[in-house]
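Note that the protein sequences, when read in sequence, are chains F and W.
Take the first sequence: its position 262, counting from 1, is numbered 294 in our numbering, and each next residue is one higher.
Take the second sequence: its position 158, counting from 1, is numbered 281 in our numbering, and each next residue is one higher.
Built from N, CA and C at the ideal position, the CB exists for glycine as well.
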Amino acid sequence: MRQFVVKRFLVTIPVMLFVGVVTFFLIQLTPGDPTAFFVSPDATAVEVQQVRERMGLEEPIPVRFALWFGNVLQGDLGISFYGNRPVLQSFLRVLPPTLYLMVVALTLAIVVAIPIGIVSAIRQNSWIDKSLTVFVLIGVSLPNFWLGMLLVLGFSVTLGWFPAQGFVRPEDDFALSLRHLILPGITLGYSGAALIARMTRSAMLDVMRQDYIRTARSKGLRDRVVIYGHALQNAGPPILTVIGLTVASLISGSVVVEKVFNFPGVGRLVVDSILRRDFPVIQGSLLLIAGATVLVNLVVDLSYALLDPRIRYD
Amino acid sequence: MTDAPLPDPVREPTAPQTARLRPSTKAGRIVRHLLRNQLVLLGLGLTVFMIVIALAAPWLATHDPLDTDPRNRLQPPSAEHLMGTDNFGRDLFSRVMHGASVSMRVGFAVVFLSTVVGMILGLVAGYFRAWDGILMRFTDGLMAFPGILLAIAILAALGPNEANVILALSVSYAPKVARVVRGQVLSIRELDYVQAAIASGGSNWRIVMRHIVPNSMSPTIVQSTFILALAILAEAGLSYIGAGTPPPAPSWGNILSEGGQFMYQAPWLTVFPGIFIMIAVLGINLLGDGLRDILDPRM
Chain F
33 MRQFVVKRFL VTIPVMLFVG VVTFFLIQLT PGDPTAFFVS PDATAVEVQQ VRERMGLEEP
93 IPVRFALWFG NVLQGDLGIS FYGNRPVLQS FLRVLPPTLY LMVVALTLAI VVAIPIGIVS
153 AIRQNSWIDK SLTVFVLIGV SLPNFWLGML LVLGFSVTLG WFPAQGFVRP EDDFALSLRH
213 LILPGITLGY SGAALIARMT RSAMLDVMRQ DYIRTARSKG LRDRVVIYGH ALQNAGPPIL
273 TVIGLTVASL ISGSVVVEKV FNFPGVGRLV VDSILRRDFP VIQGSLLLIA GATVLVNLVV
333 DLSYALLDPR IRYD
Chain W
124 MTDAPLPDPV REPTAPQTAR LRPSTKAGRI VRHLLRNQLV LLGLGLTVFM IVIALAAPWL
184 ATHDPLDTDP RNRLQPPSAE HLMGTDNFGR DLFSRVMHGA SVSMRVGFAV VFLSTVVGMI
244 LGLVAGYFRA WDGILMRFTD GLMAFPGILL AIAILAALGP NEANVILALS VSYAPKVARV
304 VRGQVLSIRE LDYVQAAIAS GGSNWRIVMR HIVPNSMSPT IVQSTFILAL AILAEAGLSY
364 IGAGTPPPAP SWGNILSEGG QFMYQAPWLT VFPGIFIMIA VLGINLLGDG LRDILDPRM
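Next up, the structure:
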């Protein structure tokens, strides 16, 4: 087990390094001279040169990469073009709202999806099972931002039940905060819920035809015990994997969803930075998000191995 | 298991090797099959419908999609403006029709590019094992960026326009194609007839083109339909956040992005373009599910 954990950790190192390389070179692809964004059009050549030197643009690219990556490892992601705020600080400031949003989305997805998946599996071809098929199809076909807009149209504009946009910190007013999080949470969690429900259904179906389930049944255990005690436990690992994948997709999904609800999180930081062409912030945020995704995958793989002792890395 | 001696809430399949989503009773299987086929037909119909709209947009459109008419801003749907007008008085119906062209153009271009590049990478990685390690670490790195994030990063660097959207999405999906093709190649190259062809001195080119490519096509075809659906969704999302096709081009994402600001006065700007995205993506997904059942029953 320890060997597996160590190996799995080591595999993430080249992936993270590659993520760093990609993020760095993407920004180098930018056509034009980045200094154009910070010097006024009538700056003298000397002023431009000073800015270039301060930004390190005079160094060759491999040196710049080494410098940049060294700084990244020390937690220095550079400074925003606007307002001179360190990138890490901007990111950490908008992180909590996004984390709350992800928690709400994931909780809604799991609470809805797993029971639906179980019922569809044990009552195959019932109306619940058939509606699951439709639910899954719509889940993968509906643009999440459009779902968000429809929810705003229905529940905010027409019914007035929930606020249409913004965020309130739960420390300040928990009930109001939750009301702000419900619609974006549904929007963000919907497609994940569809995937989790489908995986729960097929994992349960797989387990239900194993011999030990038949044994459990034939020795007279009640259905409830068989389903929740024996079957669900063994259907766990694949469901867990899909939940992990959902977490990763929530991170990128929030970029688009936050715009719908004018939600002050990581997604809006990324979108605003793209519109302002604030490259240090784009670069730093992407690096942190990709890093978080790699970590989520690591955690999923490790817990998978913990839950299912048959799984070993080789 | 309707004839089971005891009431059994869990319908066990009659044979353990029955595929997992198949129902147990014969009648159920037939009903399900018909239902499936009908859904495939529906998917095919919706996909063709969208392609026709995309191709015929210039003739279907009743107005120029870019023509502004400030006196007729935010008009509700009427005989003159079938879906109403936007905040510049542009005809929404014409913009939605032309939006289909943008989506389909981007979608098919992404499918073509990502499939060609992905197949080459996958074939090389699977057949010439020396390249496998480096190519697969490369795809791992690209796939570490979740969802449309890699595309966002590329567009942030290159600037938002339609060609860059195609490029960015192709780079995002090519690694997924490469993974699937590689897996296929790895299993096919071990088959006896391929080993026989290698042993009898067939050239690499001939073996890859004659034996490996044709036999690894099915999953790639299925995957490319899903990439088409994903690319259409992604294009809409990218345009919506301002990283995709730039305004005033009538892409569905743009229309929604601009229309969302007038949700109170003009909800039609939010409703109609979204319905078209959903029809297009739903149709293609249904078609993809059907193709998967037909071409690749193991998946």
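Please confirm whether residue i and residue j have their CB atoms less than 8 Å apart.
i                        : j                           : result
threonine 262 (chain W)  : proline 298 (chain W)       : yes
asparagine 485 (chain W) : leucine 169 (chain F)       : Nothing can be reported for residue 485 (chain W): it is not among the residues displayed for chain W, which extend from 124 to 422.
leucine 185 (chain F)    : glycine 316 (chain F)       : no
valine 367 (chain F)     : leucine 330 (chain F)       : With chain F covering only 33 through 346, there is no way to say anything about residue 367 (chain F).
leucine 220 (chain F)    : leucine 133 (chain F)       : yes
alanine 352 (chain W)    : valine 404 (chain W)        : yes
leucine 272 (chain W)    : isoleucine 321 (chain F)    : yes
glycine 249 (chain W)    : leucine 314 (chain W)       : no
glycine 212 (chain W)    : threonine 191 (chain W)     : yes
alanine 223 (chain W)    : phenylalanine 399 (chain W) : yes
methionine 240 (chain F) : alanine 263 (chain F)       : yes
serine 323 (chain W)     : leucine 236 (chain W)       : no
How would you list, in chain order, the residues of chain F whose beta-carbon sits under 7 Å from the beta-carbon of residue i?
i                        : result
valine 71 (chain W)      : In the structure as shown, chain W begins at 124 and stops at 422. Residue 71 (chain W) is therefore absent and cannot be evaluated.
proline 269 (chain W)    : Ala280, Ser281, Ile283, Ser284 and Thr325
glycine 360 (chain W)    : Pro175, Phe177 and Val288
methionine 401 (chain W) : Ser173 and Leu174
glycine 264 (chain W)    : Val47, Phe50, Val51 and Val54
Have a look at the options and flag the residue whose alpha-carbon is nearest the alpha-carbon of residue i.
i                        : options                                   : result
glycine 376 (chain W)    : W:Thr185, W:Leu167, W:Trp182 and W:His221 : W:His221
threonine 55 (chain F)   : F:Leu339, F:Phe177, F:Gly323 and F:Ser335 : F:Gly323
arginine 209 (chain W)   : W:Val288, W:Gly325, W:Ala248 and W:Thr393 : Going by the sequence as given, residue 209 (chain W) is aspartate instead of arginine. Here the closest residue by C-alpha is W:Thr393.
serine 112 (chain F)     : F:Leu213, F:Asp310 and F:Gly261           : F:Asp310
valine 239 (chain W)     : W:Leu379, W:Ala223, W:Ala202 and W:Ala301 : W:Ala301
leucine 278 (chain W)    : W:Trp328, W:Gly245 and W:Ile364           : W:Ile364
arginine 260 (chain W)   : W:Leu244, W:Ser374 and W:Leu215           : W:Leu244
asparagine 338 (chain W) : W:Ala357, W:Ile350 and W:Val303           : W:Val303
proline 216 (chain F)    : F:Ile228, F:Asp304 and F:Gly285           : F:Gly285
proline 147 (chain F)    : F:Ile228, F:Phe194, F:Leu49 and F:Val37   : F:Ile228
threonine 273 (chain F)  : F:Asp243, F:Gly261 and F:Ser335           : F:Ser335
aspartate 412 (chain W)  : F:Val172, F:Val287, F:Phe293 and F:Glu203 : F:Val172
glutamate 285 (chain W)  : W:Val233, W:Gln388, W:Trp328 and W:Ile378 : W:Val233
glycine 261 (chain F)    : F:Asn103, F:Tyr244, F:Phe57 and F:Val326  : F:Tyr244
Is it buried or exposed for residue i, if we count other Cβ within 10 angstroms and need 16 for buried?
i                        : result
glutamine 307 (chain W)  : buried
arginine 194 (chain W)   : exposed
glutamine 384 (chain W)  : exposed
isoleucine 93 (chain F)  : exposed
serine 223 (chain F)     : buried
aspartate 333 (chain F)  : buried
glycine 107 (chain F)    : exposed
threonine 130 (chain F)  : buried
arginine 233 (chain F)   : buried
threonine 137 (chain W)  : With a pLDDT of only 40 at threonine 137 (chain W), under 50, the local geometry of the prediction cannot be trusted, and the value read off the model is given with reservation. The residue in question, threonine 137 (chain W), is exposed, as its Cβ has fewer than 16 Cβ neighbours within 10 Å.
alanine 319 (chain W)    : exposed
methionine 236 (chain F) : buried
glutamine 198 (chain W)  : buried
glycine 192 (chain F)    : exposed
methionine 33 (chain F)  : exposed
glutamine 156 (chain F)  : buried
isoleucine 142 (chain F) : buried
Taking DSSP as the reference, what is the three-state secondary structure of residue i?
i                       : result
proline 111 (chain F)   : Here residue 111 (chain F) is isoleucine; the residue named in the question, proline, does not match the sequence. In this structure, isoleucine 111 (chain F) counts as strand in the three-state DSSP scheme.
proline 31 (chain F)    : The structure shown does not extend to residue 31 (chain F), since chain F is modelled only from 33 to 346, so the question has no answer here.
proline 118 (chain F)   : strand
threonine 368 (chain W) : coil
threonine 208 (chain W) : strand
aspartate 204 (chain F) : coil
aspartate 310 (chain F) : coil
aspartate 190 (chain W) : coil
leucine 144 (chain W)   : Its pLDDT being 49, under 50, leucine 144 (chain W) is placed unreliably by the model, and the measurement read from it follows with that caveat. It is coil, neither helix nor strand.
The ligand NAD and residue i: does the residue's C-beta get closer than 7 Å to at least one heavy atom of that ligand?
i                     : result
leucine 197 (chain W) : In the structure shown, the ligand NAD is absent, as is every other ligand, since no ligand is present at all.
Name the chain W residues whose beta carbon is nearer than 8 Å to that of residue i?
i                    : result
serine 163 (chain F) : Going along chain W, no residue has its Cβ under 8 Å from serine 163 (chain F), so there is no contact; the nearest lies around 14 Å.
valine 189 (chain F) : Met386, Tyr387 and Pro390
leucine 3 (chain F)  : A query on residue 3 (chain F) cannot be resolved here, the shown segment of chain F reaching from 33 to 346 and no further.
valine 257 (chain F) : Under the 8 Å cutoff, chain W gives no residues; its nearest Cβ is about 13 Å from valine 257 (chain F).
Find the residues of chain F that neighbour residue i, judging by a C-beta separation of less than 9 Å, and give them in chain order.
i                      : result
tyrosine 250 (chain W) : Those do not exist, as tyrosine 250 (chain W) stays about 23 Å from chain F at its closest Cβ, beyond 9 Å.
arginine 260 (chain W) : Pro46, Val47 and Phe50
tyrosine 363 (chain W) : Pro175, Phe177, Trp178, Val288, Lys291 and Val292
Could you list which residues in chain W have their beta carbon closer than 9 Å to that of residue i, in chain order?
i                        : result
isoleucine 314 (chain F) : Ile275, Ala276, Ala279 and Ala280
valine 135 (chain F)     : None at all; the shortest Cβ gap to chain W is about 17 Å.
leucine 169 (chain F)    : Leu162, Leu405, Asn408, Leu409 and Asp412
Residues of chain F with CB under 8 Å from residue i, in chain order?
i                     : result
alanine 202 (chain W) : Those do not exist, as alanine 202 (chain W) stays about 25 Å from chain F at its closest Cβ, beyond 8 Å.
glycine 423 (chain W) : Only positions 124 to 422 of chain W appear in the structure, and residue 423 (chain W) is not among them; the question remains open.
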